[in-house]
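To start, the structure under review is shown below, and the notes come after it.
There are 2 protein chains.
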Amino acid sequence: MPASSRPATILEVARDAGVSKTSVSRYYSGERERLSASMQQRIAQAAERLGYQPNPMARGLKGGPSGLVGMLVADIRNPFSVAVMHGVEQACRRQGLSLMVCNTDNDPTLERQNLALLTSYRIEGLIVNAAGRHGEALAELAGGGLPLVLLDRSLEGIDADEVGLDNDQAIDIALDHLTERGYRRVLFVTEPPARASSRQARLARFESNRAARGLEGDILQAELDDTTRLDHGLSDFLAASTRQPAAILCGNGQVTLAVTRALQARQVPLGEIGLMGIDELDWCQLVTPGITTLAQPTDAIGQAAVDRLRARQAGRTTPEPRHERFIPTLIPRASTCRPGNKAPDATCDETRP
Amino acid sequence: MPASSRPATILEVARDAGVSKTSVSRYYSGERERLSASMQQRIAQAAERLGYQPNPMARGLKGGPSGLVGMLVADIRNPFSVAVMHGVEQACRRQGLSLMVCNTDNDPTLERQNLALLTSYRIEGLIVNAAGRHGEALAELAGGGLPLVLLDRSLEGIDADEVGLDNDQAIDIALDHLTERGYRRVLFVTEPPARASSRQARLARFESNRAARGLEGDILQAELDDTTRLDHGLSDFLAASTRQPAAILCGNGQVTLAVTRALQARQVPLGEIGLMGIDELDWCQLVTPGITTLAQPTDAIGQAAVDRLRARQAGRTTPEPRHERFIPTLIPRASTCRPGNKAPDATCDETRP
DNA sequence: GTATTGAATGGGAACGTTCCCATCGTAGGC
DNA sequence: GCCTACGATGGGAACGTTCCCATTCAATAC
Numbered sequence: 001m002p003a004s005s006r007p008a009t010i011l012e013v014a015r016d017a018g019v020s021k022t023s024v025s026r027y028y029s030g031e032r033e034r035l036s037a038s039m040q041q042r043i044a045q046a047a048e049r050l051g052y053q054p055n056p057m058a059r060g061l062k063g064g065p066s067g068l069v070g071m072l073v074a075d076i077r078n079p080f081s082v083a084v085m086h087g088v089e090q091a092c093r094r095q096g097l098s099l100m101v102c103n104t105d106n107d108p109t110l111e112r113q114n115l116a117l118l119t120s121y122r123i124e125g126l127i128v129n130a131a132g133r134h135g136e137a138l139a140e141l142a143g144g145g146l147p148l149v150l151l152d153r154s155l156e157g158i159d160a161d162e163v164g165l166d167n168d169q170a171i172d173i174a175l176d177h178l179t180e181r182g183y184r185r186v187l188f189v190t191e192p193p194a195r196a197s198s199r200q201a202r203l204a205r206f207e208s209n210r211a212a213r214g215l216e217g218d219i220l221q222a223e224l225d226d227t228t229r230l231d232h233g234l235s236d237f238l239a240a241s242t243r244q245p246a247a248i249l250c251g252n253g254q255v256t257l258a259v260t261r262a263l264q265a266r267q268v269p270l271g272e273i274g275l276m277g278i279d280e281l282d283w284c285q286l287v288t289p290g291i292t293t294l295a296q297p298t299d300a301i302g303q304a305a306v307d308r309l310r311a312r313q314a315g316r317t318t319p320e321p322r323h324e325r326f327i328p329t330l331i332p333r334a335s336t337c338r339p340g341n342k343a344p345d346a347t348c349d350e351t352r353p
Numbered sequence: 001m002p003a004s005s006r007p008a009t010i011l012e013v014a015r016d017a018g019v020s021k022t023s024v025s026r027y028y029s030g031e032r033e034r035l036s037a038s039m040q041q042r043i044a045q046a047a048e049r050l051g052y053q054p055n056p057m058a059r060g061l062k063g064g065p066s067g068l069v070g071m072l073v074a075d076i077r078n079p080f081s082v083a084v085m086h087g088v089e090q091a092c093r094r095q096g097l098s099l100m101v102c103n104t105d106n107d108p109t110l111e112r113q114n115l116a117l118l119t120s121y122r123i124e125g126l127i128v129n130a131a132g133r134h135g136e137a138l139a140e141l142a143g144g145g146l147p148l149v150l151l152d153r154s155l156e157g158i159d160a161d162e163v164g165l166d167n168d169q170a171i172d173i174a175l176d177h178l179t180e181r182g183y184r185r186v187l188f189v190t191e192p193p194a195r196a197s198s199r200q201a202r203l204a205r206f207e208s209n210r211a212a213r214g215l216e217g218d219i220l221q222a223e224l225d226d227t228t229r230l231d232h233g234l235s236d237f238l239a240a241s242t243r244q245p246a247a248i249l250c251g252n253g254q255v256t257l258a259v260t261r262a263l264q265a266r267q268v269p270l271g272e273i274g275l276m277g278i279d280e281l282d283w284c285q286l287v288t289p290g291i292t293t294l295a296q297p298t299d300a301i302g303q304a305a306v307d308r309l310r311a312r313q314a315g316r317t318t319p320e321p322r323h324e325r326f327i328p329t330l331i332p333r334a335s336t337c338r339p340g341n342k343a344p345d346a347t348c349d350e351t352r353p
């Protein structure tokens, strides 16, 4: 409590308790049981009296465990990333770990800088959701023994644990749903997949399975701030879809936002033109008539990432890298409800499911 | 580049370059100019060769500047917090500072823990957006000389710099707008203001100025997960508003979300019943017919917070704590457009402004 | 030519920990 | 009753920096 300007050191506590600094150190380093009861008590009292708090800097210098986990997030403004981050955070807390998050704003330079920052703080594990340039730096770290988990991404040349959505299943569920609702043409809209493996995976699955299901369709790749391109792509698709019921499938939440804006701008009636998105967002329920989504189990994903990290930390051996894939939950709403749908299910009756 | 398992130390660089560790230290501590050209070059080469990177732990131990700024965020899932955080981050980057963010999930215990974590890493400044319990700990830190900026909150007994919305002006702008659009009754919906000063400020201003403008109205305080209470409050207000054009003013973005959900559940026609929110969100434009909001300049707020921090760091003296208040921008949409509005402005003509 | 300066550089002690090793009892085995 | 061993404790050397101080050397002032 007596918060002098300079925090108390282990030596001061030791003096105050009349013991050696080694004993105090032991008390705080998980060797508490090795100490006699009376000593434990004296140390506890002295520490309380002086408001002692171990200095992680000094601890980290000497090489002790830091209890720190690092996380690299590509875009902190993406609600999906935040949701997963929240899951990671909770999981860390349960394990007594601290989390240090860095946002890279999709900038490879920042990515590298933040990576340097995190490693310099001696993190014990790293969860990466960042882009993909500079994979070498990551590979190097992983090679050096740092437990590494790739979140929603895989990186070429890196053989690390991965945690994320089961992209194939997600696309299948989406196509099933759209087919069942009577749509015969589907446009898949995605951000440029070059740097994000999950985009690639979704795109690839869409390409290979669309035709197999007898669906017509197309693909639109666009940077989301390039509204012109997006608009044109959507127009073309809509123009070509006068004969068959058509739907749009959005590759992630950001895409859903951009597409919904574009559709609203041209006053496209949702439902008649189907709209479906991967990632559930606050507002999908609110936009008339409600947008059908595939919700990712973000908490579970975060938890799984931390679990993988711990497993790596514990096991001296380096077992097969493990890939954990989660199945999304379909949240059907009226944006995928054709007016003339012959086999309407319950969802299609109400406006707000 | 040669990433040996253990990172290179300053001593190794010194040996490799054939100079003393002191010189290398100087090279990395901003005293580079004091070194001769040839020495600078030799050090740079050696460092490059060995992949040297100063160890912030050791640096922090010795008491040198950490270049670290800490930030405590009450709720990372609140888009407003994230937006400000992003502003802070950018500002830090420009100043060459690193940012360490901790989410407290509105939990006082976590708040205390994270505070301990941040201070133990020798942060040079702290930006706080957290609740309000444990103000003593903060006061203590500020008293100890740590530059402190309160973000969107003020805390009793703490005389620190504050940055945030000009709550009085915000409420005034909102009331002006609603009046102008012809609404005569206004319900102000807010989360419990006990712990957040900005909620208190908005509430107080609403209470004092509503009547002064000749508006009828009421106040609804509710926890947002208590949907029953929210529903009842809204029903009561709507039931009592049959004679006069009525509008709902939401105290922040979270409230806007909850209220919009509740209104949609009871199929209230937006516009006829006015709806307006403080905080601009992705989807406010998308929900039919568009929700009028007051947008906060989040980037500017984040930047200002960092500016305050720097000013404190620089000035040895402790000048008056300064309060910086930002004016929001009105984004008028059709949710505040009465069908029978006598003096419609441009906005009311289009569906999606 | 000597004294004075100041710039460029280096040596070594801290910073607060952890951890290896040494020391001290004391209990158990003979 | 002595030796062994083990449990409890303490001393001191690291860890990688920074920073105070000392040293060197050349240039300038007398």
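Quick note, the sequences are listed as chains A and B, same order.
Residue 238 in the UniProt record's numbering is what sits at position 238 of the first sequence, and the numbering runs on without skipping anything.
Residue 310 in the UniProt record's numbering is what sits at position 310 of the second sequence, and the numbering runs on without skipping anything.
We put the beta carbon where it would ideally sit given N, CA and C, even for glycine.
Quantities reported herein were computed from a predicted structural model and do not represent experimental measurements.
Residue environment, residue i, which counts as buried when at least 16 other CB atoms sit within 10 Å
i	result
Thr-228(B)	exposed
Thr-329(B)	exposed
Ser-36(A)	exposed
Thr-242(A)	exposed
Gly-253(A)	buried
Arg-266(B)	exposed
Thr-109(B)	exposed
Leu-11(B)	exposed
Ile-327(A)	exposed
Asp-176(A)	exposed
Ala-131(B)	buried
Inter-residue CB distance, residue i and residue j (contact presumed, cutoff 8 Å)
i	j	result
Val-189(B)	Cys-102(B)	Wrong, their Cβ atoms sit about 29 Å apart, outside the cutoff.
Thr-293(A)	Asp-279(A)	7 Å
Arg-325(B)	Leu-151(B)	Wrong, their Cβ atoms sit about 12 Å apart, outside the cutoff.
Val-13(A)	Ala-58(A)	Not a contact, Cβ separation roughly 14 Å.
8 Å Cβ shell around residue i - same chain, five flanking residues per side excluded
i	result
Ala-262(B)	Thr-227, Leu-230, Asp-231, Leu-234
Thr-98(B)	Inspection of the sequence shows that residue 98(B) is occupied by Ser rather than by Thr. So the qualifying residues of the chain are Gly-67, Leu-68, Val-69, Cys-92.
Leu-118(A)	Gly-70, Leu-72, Met-100, Cys-102, Leu-126
Met-276(A)	Ala-174, His-177, Leu-178, Ala-247, Ile-248, Leu-249, Cys-250, Ile-291, Thr-292, Thr-293, Leu-294, Ser-335, Thr-336
Nearest-angstrom Cα separation, counted from residue j out to residue i
i	j	result
Glu-111(A)	Ser-23(A)	41 Å
residue 357(B)	Val-73(B)	With chain B running from 1 to 353 in the structure shown, residue 357(B) is simply not present.
Phe-80(A)	Ala-258(A)	15 Å
Arg-184(B)	Ala-247(B)	8 Å
Thr-351(B)	Gly-182(A)	Low local confidence applies: a pLDDT of 44 at Thr-351(B) is under 50, so the model's placement there is unreliable, and no value is given.
Arg-122(B)	Arg-310(A)	27 Å
Ile-76(B)	Asp-105(B)	7 Å
Glu-216(A)	Val-186(A)	6 Å
Leu-286(B)	Asn-78(A)	18 Å
Ser-38(A)	Lys-62(A)	28 Å
Thr-9(A)	Tyr-52(A)	7 Å
Met-100(A)	Thr-179(B)	47 Å
Asp-299(A)	Asn-114(A)	24 Å
Asp-168(A)	Arg-202(A)	6 Å
Asp-225(B)	Arg-199(A)	34 Å
residue 359(A)	Arg-338(A)	One cannot answer for residue 359(A) here, as it falls past the ends of chain A, which runs 1 to 353.
Tyr-27(B)	Ala-137(B)	37 Å
Pro-319(A)	Val-149(A)	14 Å
Close Cβ partners of residue i (< 7 Å) along its chain, the five nearest in sequence each way excluded
i	result
Ile-331(A)	Glu-280, Thr-292, Thr-293, Ala-295
Ala-304(A)	Val-163, Glu-324
Met-1(A)	Confidence at Met-1(A) is low in this model, with a pLDDT of 44, below 50, so its placement is unreliable and no value can be given for it.
Residue range of the unbroken alpha helix (DSSP H) whose run includes residue i
i	result
residue 382(B)	The displayed coordinates of chain B run from 1 to 353. Any statement about residue 382(B) would go beyond what the structure contains.
Thr-293(B)	Per DSSP, Thr-293(B) belongs to no alpha helix (DSSP H); it is in the beta strand (DSSP E), 292–295.
Gly-302(A)	298–314
Ile-43(A)	37–50
Ala-83(A)	79–94
Ala-58(B)	56–62
Residue interval of the beta strand (DSSP E) (run including residue i)
i	result
Gln-221(B)	216–221
Leu-126(B)	125–128
Chain-order list of residues whose beta-carbon lies under 6 Å from that of residue i (same chain, five-residue window excluded)
i	result
Arg-42(A)	Ala-17
Closer than 8 Å: residue i CB and nearest the ligand SAH heavy atom
i	result
Ala-58(B)	Here there are no bound small molecules, and the ligand SAH is not part of this structure.
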